[in-house]
Structure formats: C-alpha cells, structure tokens
Amino acid sequence: MLNGLWLGFFVVAMVSALAQWLIGGNAGIFAAMVESIFAMAKLSVEVMVLLFGTLTLWLGFLRIAEKAGIVDWLAKALGPLFRRLMPEVPAGHPAIGLITLNFAANGLGLDNAATPIGLKAMKALQELNPIPNTASNAQILFLVLNASSLTLLPVTIFMYRAQQGAADPTLVFLPILLATSASTLVGLLSVAIMQRLRLWDPVVLAYLIPGALVLGGFMALLATLSATALAGLSSILGNLTLFGLIMLFVVIGALRKVKVYEAFVEGAKEGFDVAKNLLPYLVAMLCAVGVLRASGALDFGLEGIRHVVAWTGMDTRFVDALPTAMVKPFSGSAARAMLIETMQTQGVDSFPALVAATIQGSTETTFYVLAVYFGSVGIQRARHAVGCALLAEFAGVVAAIAVCYWFFG
Numbered sequence: 001m002l003n004g005l006w007l008g009f010f011v012v013a014m015v016s017a018l019a020q021w022l023i024g025g026n027a028g029i030f031a032a033m034v035e036s037i038f039a040m041a042k043l044s045v046e047v048m049v050l051l052f053g054t055l056t057l058w059l060g061f062l063r064i065a066e067k068a069g070i071v072d073w074l075a076k077a078l079g080p081l082f083r084r085l086m087p088e089v090p091a092g093h094p095a096i097g098l099i100t101l102n103f104a105a106n107g108l109g110l111d112n113a114a115t116p117i118g119l120k121a122m123k124a125l126q127e128l129n130p131i132p133n134t135a136s137n138a139q140i141l142f143l144v145l146n147a148s149s150l151t152l153l154p155v156t157i158f159m160y161r162a163q164q165g166a167a168d169p170t171l172v173f174l175p176i177l178l179a180t181s182a183s184t185l186v187g188l189l190s191v192a193i194m195q196r197l198r199l200w201d202p203v204v205l206a207y208l209i210p211g212a213l214v215l216g217g218f219m220a221l222l223a224t225l226s227a228t229a230l231a232g233l234s235s236i237l238g239n240l241t242l243f244g245l246i247m248l249f250v251v252i253g254a255l256r257k258v259k260v261y262e263a264f265v266e267g268a269k270e271g272f273d274v275a276k277n278l279l280p281y282l283v284a285m286l287c288a289v290g291v292l293r294a295s296g297a298l299d300f301g302l303e304g305i306r307h308v309v310a311w312t313g314m315d316t317r318f319v320d321a322l323p324t325a326m327v328k329p330f331s332g333s334a335a336r337a338m339l340i341e342t343m344q345t346q347g348v349d350s351f352p353a354l355v356a357a358t359i360q361g362s363t364e365t366t367f368y369v370l371a372v373y374f375g376s377v378g379i380q381r382a383r384h385a386v387g388c389a390l391l392a393e394f395a396g397v398v399a400a401i402a403v404c405y406w407f408f409g
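Here's what the structure looks like:
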C-alpha cells in the first residue's frame, strides 16, 4: 500500500510537470521539483533532531511511570471496564496491562512508541482467540480504539509546531482533545452496536457517565468563552498538563523508591532506538510530498475541491488541510509530511495548519494499523473492524474541522 502511495506521488507529479511544460510553457518546473527534493531532505533531518529529543524524553518518563507502578494501577483501575467490554479476556490476563500501556503511550501522542506495545497486546489477545485466522471481538475493539486515536496529550504535534517556529506549540491542545474524544466515542459505539456490548451495564456506566458529564460540562464552559479566551485556555491547559504529568511521574517514582534517573535513561535509550529508524521514512515521504506540491498537482487538486466547497456556500479555508486527512488512513509518515508541508507553505499558525495539526492529532493510520496489528498475528478476516475504524476516522476529521472553526474561525 505504501509502495503504491509513494510511487503515485511521483507519477502524478511527473504528469503534472509535463503538462505545465508542454501545454503551459513552464520549463522551470523541473528545476523547482529538484530543488524541492533537496529542500525536503534537509527539512527531514531538522525535524528528526527534535523528534529524537521528544521520543527520548517521553519514553524515559514513561519508563519511570511503568516502574513506579502507575501503569499497573491503571490496569487495575480499568480492569472492571475491560472485563465488560472484553468479556473473553480473563481477569488479570497480561493483555489488560499491555492494552493499558498502549493506551497510555497513545494518550501521550507517542504513536511510534505505542506500536510495539500494541503488537505485544495483540499477540496476548491472540492466545485467547479460538479462531486464529479471524479477528476476535476483543481484538477488534482494541484495534478500533487504537484507530480512533485517543490522544490526551499530543506531544509530537507540539514538537512539530515548535520546530516550525510556532509562538505557542500547545495552542491546539483543546481542539485535539475534543476531536479525539469524538472519534473515540464513535469508534466505541460502532463496535458496541456490532458486538452487542451492554454499554448500559452498571459498571460500564459508572466509567462512562462521569467522563461524559465532565466532558459535557467542560464544553458548556468553553461555549461561554470568546475565541481569544479559548486559545489562551488551550495554551495554559496544554502546558500545565504537560509539566504536571512529568512531575507526577517523577514524584510518585521517587516515593516508590524507583531510581528515577536510571529508569529515565533506560527508557530514553529505547526512545532513541525508535526514533533513529524513522529518518528514512520521513525523508521518503517529505520528498514525495515536496515534489507533488512543486509540480502543481497538489494545488490543482485542492482548487477543484475548493470550487466544490464554495459552490455549496461553505467556507473554504479548511480545504488546504485536507491532504493530511486524505493520506492519514494509509500512512502516518505521509500525513506527517503533509502536515509539515502545510505549516511551511501556509504558515504554522494559519487556519489550515491549525486544522491539519488537529486532524493529525485526532485520527490514526487506519489501514496501516489494520495491516500491522492483524498481520503480526496472522489474522486474515477482519470482520467489522475496517468499517468501525473508518467511521471513527471520519468522525475525527469532521470534529477536527468543526472544533477549529469554533476555536480559531
């Protein structure tokens, strides 16, 4: 799939460039495309420098949380809920702890760190699967919740914005939180309907109702604020949550007699190993996207969409953020490249860049997750996983656009 997507970028760029040269007389288009390739290769290295630091930093703190027992505590706290949502998983099974750790990494926006943990969780669930080549209900629920991108603290999005010179990298904190809540809720409800899960079970309601009331009350409070106040609150909460979480991990670790420095270094080494493998993929995708933009093909496609949107009478400013949304189900690296390219061409704090950042933080690489997670355990029949995951993806994109108009429009 990625081979076809990457090759397609170059083929479409070549066709567009030939059309501009032969029909439009623009002989300089090829020079612009070659210049874009080298510019994007340079940008890839600059982004990777900060990405090395970000992944190293957060996997270090995550290891402290793991050794301090915070992850085990979360597993116990969420155990009753998972036993209702995944009735085929026995109480105390290792899969519950791995699922919790995976959600913790996803919640921090560490999608590259969450993947290896998620693969371990999927293998643990496969041990309980009575039909090895067919996805079980528990595996489908786990995958769809992953595909819904439950991101509570999108640190990698903050990192990309900081690298592109944003005055306040955490400005999109609240929009991403609200959009990812919508995608996760739709994903959970769709799976519950397909699997006939009893969401009205008293234990499930005891978890869901307080969360829904808090989120509803929070949104009611936000509705009373102006756009300027919303942006300011998002910044304050983003930075406060970020630093508060760091202090929580360190303080609890110290109280539990964890050698916090050694634990941090141990986790940081893992983060370094994860990050160093990303550079080739980032170079490949950024260069392909750069060529697509330089050839004029991307702008041509967006103009067509913009005319259709304008014909309906809707505002068209979100259209420039759609490339991120369109490639995200197929490739995280391609969506990442589209986001960075949008920030560069439109401005890091422009409306399209803010929408693209929110989409990136509230959606997931659905087909990639399906291929990797199910492929790792030999599952061939996905059943209703694809439909539920894509529905959650669509909900995340729509919610991201709507929330950004609310906050920044």
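Heads up: the sequence shown begins at 1 in UniProt numbering, then just goes up one per residue. Positions of the beta carbon are idealized from the N, C-alpha and C atoms, including for glycine. These numbers were taken from a predicted model, which means no experiment stands behind them.
Assumed close pair residue i, residue j - CB separation to whole angstroms, cut-off 8 Å
i, j, result
"P352", "F318", "7 Å"
"L279", "M40", "No, L279 and M40 are not in contact; Cβ-Cβ is about 13 Å, not under 8 Å."
"S190", "L391", "5 Å"
"residue 414", "V172", "No information on residue 414 is available, as it lies outside the stretch 1 to 409 that the chain covers here."
"I359", "A400", "4 Å"
"R256", "G69", "6 Å"
"M122", "F103", "The Cβ separation is near 13 Å, so there is no contact."
"A229", "M285", "No, A229 and M285 are not in contact; Cβ-Cβ is about 37 Å, not under 8 Å."
"A395", "S183", "5 Å"
"L81", "Y373", "Not really, about 21 Å apart at Cβ, beyond 8 Å."
"G60", "V265", "7 Å"
Rounded separation between residue i and residue j - CA only
i, j, result
"Q163", "G253", "31 Å"
"Y405", "A167", "20 Å"
"C388", "R381", "14 Å"
"E262", "G290", "41 Å"
"N137", "Q20", "52 Å"
"A65", "M247", "11 Å"
"L177", "N26", "45 Å"
"K42", "L205", "51 Å"
"V214", "V260", "33 Å"
"V144", "L233", "31 Å"
"D72", "V403", "34 Å"
"L302", "V355", "15 Å"
"A135", "A310", "43 Å"
"A77", "Y207", "10 Å"
"W200", "A294", "53 Å"
"F158", "G313", "33 Å"
"V327", "G79", "35 Å"
"T316", "H307", "8 Å"
"I99", "N133", "21 Å"
"V12", "A334", "15 Å"
"F218", "V155", "22 Å"
"G378", "T241", "39 Å"
"G332", "I23", "35 Å"
"E270", "L101", "15 Å"
"L292", "F10", "7 Å"
"L245", "S44", "29 Å"
"C287", "G216", "42 Å"
"G267", "Q139", "27 Å"
"V398", "G28", "38 Å"
Counted within 10 angstroms of its Cβ, other Cβ atoms place residue i as buried (16 or more) or exposed
i, result
"R161", "buried"
"K67", "buried"
"P175", "buried"
"W6", "buried"
"V251", "exposed"
"P169", "buried"
"P329", "buried"
"L370", "buried"
"L153", "buried"
"L197", "buried"
"D212", "What sits at residue 212 in the sequence shown is Ala, not Asp. Classification of A212: exposed, given that the 10 Å Cβ count is below 16."
"E393", "buried"
"A220", "exposed"
"V186", "buried"
"I209", "exposed"
"I117", "buried"
"L225", "exposed"
"F243", "exposed"
"N3", "exposed"
"V203", "exposed"
Contact with chain D by residue i, beta-carbon distance below 8 Å
i, result
"G118", "Judged by its chain identifiers, the structure shown contains no chain D, having just a single protein chain."
With a cut-off of 8 Å, do at least 3 Cβ pairs link the segment 87-96 to the segment 120-127? yes
Inter-stretch contact (C-beta, 8 Å, three-pair minimum) for the segment 285-304 and the segment 15-23: yes
Is the segment 54-74 in contact with the segment 32-39, if contact means three or more CB pairs nearer than 8 Å? no
For the pair the segment 145-155 and the segment 353-364, tell me if three or more CB-CB distances fall below 8 Å. yes
Taking 8 Å as the cut-off, does the segment 307-325 touch the segment 337-349 (at least 3 CB pairs, one atom from each stretch)? yes
Length at least 3, wholly inside the segment 77-156: the beta strand (DSSP E) runs in chain order: none
Inside the segment 2-29 only - alpha helix (DSSP H) runs reaching at least 4 residues: 2-22
Please go through the segment 189-275 and give each complete alpha helix (DSSP H) segment of 4 or more residues, from N-terminal end onward. 202-222, 227-255
What ranges does the beta strand (DSSP E) occupy inside the UniProt domain "Nucleoside transporter/FeoB GTPase Gate" (276-379), keeping only unbroken runs of at least 3 residues that lie completely in it? none
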